[in-house]
Amino acid sequence: MPESAPKILRFPRRSLADEDPIVITGIGLAASVGAGREAVWQAVQSGISGIRRTHALDQVGPLELPCGMIDWLPHDPNSLKSVQLSQHIAAEALDDATIEWPNVDRDRFACSISAQFGDIGYLFPEQLAKNSLTGRDWWQQFMPCSAASLVAHRFNLRGPRLCHATACASGLVSTITAARMLQMDQADYALCGAADTVTELVYAAFHRMGVLSTGPEAASACRPFDVTRNGFVMGEGGAMLVLEKRSHAIARGARIYAELAASQMLCQAHHVTGLDGEAETLTRLIQDLVRKAGWEDEAPQYVNAHGTGTEQNDISELKAIRAALRSQADSLVVSSNKAILGHTINAAGSLELALTALGIRDGFAPPTMHLEQPEAVGNIDCLPGYGEKLELARALKLSLAFGGHLVGMALRSCPLETARRTPVPLSATARIRQVTAPVVVRRAA
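Per the numbering used here, the sequence shown runs over residues 50 to 494.
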């Protein structure tokens, strides 16, 4: 008798929305285009690029390649730029959450902040001899959890503290982990997210891979989902979120941006940096997200894609979205924020999740800039050049990372009367598509 096929055991899966949903009540955000949440969000609405060519004053200046550098952060020789940025956006997120600190048990305030890259400046002999006992604290050079620790120390957050290093998926993984800590009753609040800046070591690695765009124009060098793309652009920035259970937020009268409806993490057993061309695992991830969120009969309206502007990434995402959602993909819109902010590596997931939550708040799916010749794969509407106003109730955020990490999160809106969700008027310069229904733009034959 032939052996029967192995039976795969399937168990009931819990959603982030089970029982008492986890919600976002505070957002801190910064990037090359602005030092705060609303400044960055308005730039994204308006398609204003923060990408320029590096110059002599930048750490990676000699390459003179397009990059989304932060110029507004004052230089602090005693701190890594990424640590300084982490503290900046954490302060905004905590302030935005309107927490009454005398009523907070700080032993139950968790942190889940992604790892940051270190500093190689002290490896050079002349610097080693000159600065061995001066400058920033020595542990910032090699401890990936420095930002997580220093943020928690600054704000005296003494609950569980975790630090993940899962490449470009780190921001989303940190958010999922924070939500789990709340669900397991290890904390009442959680601060989560990531910040990242451009360092010589990482920039050199990507340059050696040959994946960085050379332009020709710096501001439009990153062209996600466009057939003329020629690589991705690195960027600096990040986001921090304050999470808590919905009942907790309502009891204290907090504003709620969005609910975490579901999350999913899978991994391609394919290649360290390459993606499976058939996108089978990513397709499964999207299907699982939709099912866990309970959206089988009502498709997500918007997908904030990883959208790096490389052929491998763009085609894999579009294939997976179409394969997972089938005909429902005809009615959704997709966009990538990296076209104007660059790829913020460890921070990309949290930064773009924050922008998705702001889109839910204000009813706007932002544009994919510099998209003029759309990729035909999947036949998906990627919002070329213009965003769309819509009552955004269901959205997905995807992250595809080196190491094979695939991570997704589903966000949903809260009823206005429950959430105290107050939409902010769109920028006067927001790029809004003047149509009443999504239009799919296909590449000419």
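Note that CB positions come from ideal geometry on N, CA and C, so glycine has one too.
For residue j and residue i, believed in contact at Cβ under 8 Å, the rounded distance
i, j, result
"Ala348", "Leu309", "Their Cβ separation, rounded to whole angstroms, is 19 Å, which puts Ala348 and Leu309 out of contact at 8 Å."
"Val132", "Ser195", "6 Å"
"Phe274", "Leu420", "6 Å"
"Ala80", "Gly99", "6 Å"
"Leu112", "His320", "The pair is not a contact, with the Cβ atoms about 26 Å apart (cut-off 8 Å)."
Host beta strand (DSSP E) of residue i (start-end)
i, result
"Val76", "For the record, residue 76 in the displayed sequence is Ile; it is not Val. That run of the beta strand (DSSP E) goes 71-80."
"His454", "454-461"
"Tyr238", "238-245"
"Ser312", "307-316"
"Ala92", "Per DSSP, Ala92 belongs to no beta strand (DSSP E); it is in the alpha helix (DSSP H), 86-95."
"Ser380", "Per DSSP, Ser380 belongs to no beta strand (DSSP E) and is neither H nor E."
"Ala444", "443-449"
"Cys271", "It is not in any beta strand (DSSP E) - Cys271 carries neither H nor E in the DSSP assignment."
"Pro115", "115-117"
Separation of residue j from residue i, as counted between CA atoms
i, j, result
"Arg207", "Leu439", "40 Å"
"Leu445", "Gly457", "7 Å"
"His392", "Cys116", "9 Å"
"Gln361", "Ser385", "15 Å"
"Val488", "Asp379", "Here Val488 scores only 47 on pLDDT, less than 50, and its place in the model should not be relied on; the value that follows carries that caveat. Cα-Cα distance, rounded: 9 Å."
"Gly431", "Lys130", "The sequence given here places Cys at residue 431; Gly does not occur at that position. Computed Cα separation, rounded: 33 Å."
"Leu122", "Leu134", "8 Å"
"Arg482", "Gln94", "11 Å"
"Gly259", "Glu327", "23 Å"
"Ala342", "Ala311", "5 Å"
"Glu283", "Thr357", "This sequence places Met at residue 283; Glu is not what is there. Taking the straight line joining both Cα atoms gives about 10 Å."
"Arg278", "Ile409", "29 Å"
"Ala261", "Cys271", "According to the sequence shown, residue 261 is Leu rather than Ala. Near 9 Å, if we compare the C-alpha coordinates of Cys271 and Leu261."
"Leu114", "Arg101", "8 Å"
"Glu345", "Leu390", "33 Å"
"Ala354", "Val251", "23 Å"
"Ala493", "Gly436", "Any reading at Ala493 is ruled out, since the residue's pLDDT is 35, under 50, leaving its predicted position unreliable."
"Trp150", "Thr74", "15 Å"
"Ala300", "Val426", "47 Å"
"Asp69", "Gln235", "15 Å"
"Leu106", "Ile138", "24 Å"
"Ala477", "Gln313", "37 Å"
"Arg304", "Ala253", "42 Å"
"Asp411", "Pro464", "13 Å"
"Asp245", "Ala197", "12 Å"
"Gln91", "Ile97", "9 Å"
"Gln108", "Phe166", "13 Å"
"Phe451", "Arg157", "33 Å"
"Gly220", "Asn395", "6 Å"
"Leu381", "Pro433", "14 Å"
"Ala84", "Pro474", "20 Å"
"Val153", "His124", "33 Å"
"Glu249", "Thr359", "21 Å"
"Leu460", "Thr147", "22 Å"
"Pro472", "Asp120", "30 Å"
"Thr215", "Pro193", "12 Å"
"Gln422", "Ala88", "29 Å"
Opening and closing residue of the alpha helix (DSSP H) in which residue i lies
i, result
"Ala388", "387-390"
"Ala477", "First-last for Ala477: undefined, no H or E at that position."
"Arg410", "397-411"
Contact under 9 Å by Cβ, residue i with residue j
i, j, result
"Ala406", "Tyr306", "yes"
"Arg86", "Ala403", "yes"
"Ser269", "Met118", "no"
"His213", "Ala164", "yes"
"Ile429", "Leu290", "no"
"Leu455", "Leu367", "no"
"Ala239", "Leu400", "no"
"Ile162", "Cys217", "no"
"Asn127", "Asp168", "no"
"Leu449", "Leu331", "yes"
"Gly286", "Leu143", "no"
"Leu441", "Ala397", "no"
"Val222", "Glu424", "no"
"Gln136", "Val200", "yes"
"Thr224", "Leu292", "yes"
"Leu324", "Ser296", "no"
"Gln350", "Arg480", "no"
"Ala298", "Val72", "yes"
"Ala318", "Gly453", "yes"
9 Å Cβ cutoff, residue i in contact with chain B
i, result
"Arg157", "The structure shown contains no chain B, having only a single protein chain."
- Query: Considering only residues of the region 189-269, which uninterrupted alpha helix (DSSP H) runs meet the minimum length of 4 residues and lie entirely inside it, listed in chain order?
  - Reply: 195-204, 219-232, 249-258
- Task: Ignoring anything shorter than 3 residues or poking outside the region 141-175, list the beta strand (DSSP E) runs there in chain order.
- Result: 158-162
- Could you tell me which uninterrupted alpha helix (DSSP H) segments, each at least 4 residues in length, are contained entirely in the region 287-374, listed from first to last along the chain? 295-300, 329-342, 360-374
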